[in-house]
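Student: Chains as they are written, first to last, in the working numbering: chain A, 8 to 252; chain B, 1204 to 1424. Even glycine gets a Cβ: it sits at the ideal position worked out from N, Cα and C. This structure is a prediction, so every number in the text was calculated from the model and none was measured.
(1) Quick check: what's the CA-CA separation for residue 1217(B) versus residue 127(A)?
(2) Whose Cβ in chain B lies nearer than 9 Å to the Cβ of residue 148(A)?
(3) Mind pulling the chain E residues with CB within less than 7 Å of residue 1390(B)?
(4) Could you name the residues of the segment 193-217 of chain A whose beta carbon sits closer than 7 Å to any beta carbon of chain B, in the order they occur along the chain?
(5) Give a yes or no on contact between the segment 77-92 of chain A and the segment 8-26 of chain A, applying the rule of three or more CB pairs nearer than 8 Å.
(6) Is residue 1370(B) near residue 1363(B), with beta carbons less than 8 Å apart?
(7) Use the C-beta contact count for residue 1263(B): other C-beta atoms within 10 angstroms, 16 or more gives buried, fewer gives exposed.
(8) Applying a beta-carbon distance threshold of less than 8 Å, which residues of chain A neighbour residue 1402(B)?
(9) With a threshold of 8 Å between beta carbons, is residue 101(A) in contact with chain B?
(10) For residue 1393(B), which residues in the same chain have their Cβ closer than 6 Å to its Cβ, ignoring the five residues on either side in sequence?
(11) Could you tell me whether the segment 130-149 of chain A touches the segment 65-80 of chain A, using the rule of 3 or more Cβ pairs below 8 Å?
(12) Whose C-beta lies closer than 8 Å to the C-beta of residue 38(A) among residues of the same chain, with five residues either side of it excluded?
(13) Start and end of the alpha helix (DSSP H) containing residue 48(A)?
(14) Contact criterion: CB-CB distance below 8 Å. Does residue 1387(B) meet it with respect to chain A?
(15) DSSP state of residue 1330(B), grouped into three classes?
(16) From residue 77(A) to residue 1402(B), what does the alpha carbon distance come to, in whole angstroms?
(17) Distance check for residue 107(A) and residue 80(A), CA to CA, integer angstroms please.
(18) Please report the residue range of the alpha helix (DSSP H) in which residue 1260(B) lies.
(19) Mind checking if residue 171(A) is an interface residue toward chain B, Cβ cutoff 8 Å exclusive?
(20) Roughly how far, in whole angstroms, is the beta-carbon of residue 193(A) from the beta-carbon of residue 1285(B), given that I think they are within contact range, below 8 Å?
(21) How about residue 1409(B) and residue 1355(B): do their beta carbons lie closer than 8 Å?
(22) Which residue comes first and which comes last in the alpha helix (DSSP H) that contains residue 148(A)?
(23) Taking its Cβ as the centre, do 16 or more other Cβ atoms sit within 10 Å of residue 1209(B), making it buried, or is it exposed?
(24) Looking at the structure shown, is residue 180(A) part of a helix, part of a strand, or coil, going by DSSP?
(25) Just verifying my parser: in three-state terms, what is the DSSP assignment at residue 1320(B)?
(26) Taking 7 Å as the cut-off, is the beta-carbon of residue 1276(B) closer than that to any non-hydrogen atom of the ligand GDP?
(27) Should residue 1414(B) go down as buried or exposed, given a rule of 16 or more other Cβ atoms within 10 Å for buried?
(28) Quick one: any contact between the segment 210-226 of chain A and the segment 48-59 of chain A, if contact means 3 or more CB pairs under 8 Å?
(29) With a threshold of 8 Å between beta-carbons, can residue 1369(B) be considered close to chain A, or not?
(30) Which word fits residue 45(A), buried or exposed, when buried means at least 16 other C-beta atoms lie within 10 angstroms of its C-beta?
(31) Could you check the C-alpha separation between residue 35(A) and residue 179(A) for me, to the nearest Å?
(32) Between residue 1410(B) and chain A, is there a C-beta pair that is closer than 8 Å?
Pasting the structure below:
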């Protein structure tokens, strides 16, 4: 109990709420970096994944990019980004997070569009829709739940890996943990871990709601599906697409 | 960058003179991974069986393991430190935690994919529930279970690198040593070996699946 009261004391100390090392600034850095990286990775990976799924090419590539992403340690990507760029801080952090965020988005976009029932595709062509109209009006709405699952998975991974980016001298909430490890300050480490946890869970829940909201009413699951499909509920995790960081 | 000598990306004289260190870190990496996946499997199998036996518990078990899976690894370490300290136990609890969702889901999917007719036929032949599970259902679920073990193993090998932050060695130690230095060789050796380990483990487990499910091979050929 003594330890937890020290953690509460840490959170209520006014010195932790001001300045560059304060909670508001570190939290803001973490959120801004995560949003920018996820949006940038989606801007690049979504069109590629959707297009590959639409034309039905590059399947092995689209799927294997996630398998490779799982085998490459995020920690290694961060340190390599630091040494390739020759810089510390935001540049290697952004580069590494961007690279790590793309595979789940690309794979899910491909799988989502590719997985649309071929009969629906044929039917829409039979109704005289052009391939582009088929993509926008049929394939994309049906693939949206999976596409959003990929974005959600990537976003949660980015929030987690941004914590690790403190090792390449970037800011964010990971500073509390990494600096705490250096100073053997368990209270500060614990406080930092709690904030990272809240941010990761908040991201998962918020994007889960967005995903549900974007899912066309006709394809919303009415009862739980088998466990091998990507589910819409928060915390279902896209384990077949990605590992944690 | 392409220069030869100590400042190149890989300087072989360092590699050959540090074979002992590299082997020690690789061994630690394999040990941390093997223990985590083995314990993960020991916990996941009964969890999956409970989830299947009591459908009401399924959402709870999948949701619970999903929540654990969502905890960022560094946060998991930070939350465990006050309890278990800078120990291998801290690392293993974190690593085991991430395998649970993957393994439970795949065991469940494998068991649920067993056709009902096969179950009926086995019961008709006088198989009790235990014998049905061990002799019929688990063997047929084996490809899905091994697929889960493969994902869990590859994921764990990647995650083990960060246990170097709490001083547990493994290939992450070589990566950590490369941080902020002009000398890149340890970083490259640690990163490449980690990926190579993941690939070897994946291929080896695929081989295990082939050997353990000869009936599937007969169907393929």
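Tutor: The short version:
(1) 60 Å
(2) Under the 9 Å cutoff, chain B gives no residues; its nearest Cβ is about 26 Å from residue 148(A).
(3) Going by chain labels, chain E is absent from the structure shown, which instead holds the protein chains A and B.
(4) 193, 196, 197, 199, 200, 203, 204, 207, 208, 211
(5) no
(6) no
(7) exposed
(8) 78
(9) no
(10) 1374, 1377, 1378
(11) no
(12) 206
(13) 30-62
(14) yes
(15) coil
(16) 11 Å
(17) 10 Å
(18) 1258-1273
(19) yes
(20) 5 Å
(21) no
(22) 147-171
(23) exposed
(24) coil
(25) helix
(26) Ligands in the displayed structure: none, and consequently the ligand GDP is not present.
(27) exposed
(28) no
(29) yes
(30) buried
(31) 8 Å
(32) no
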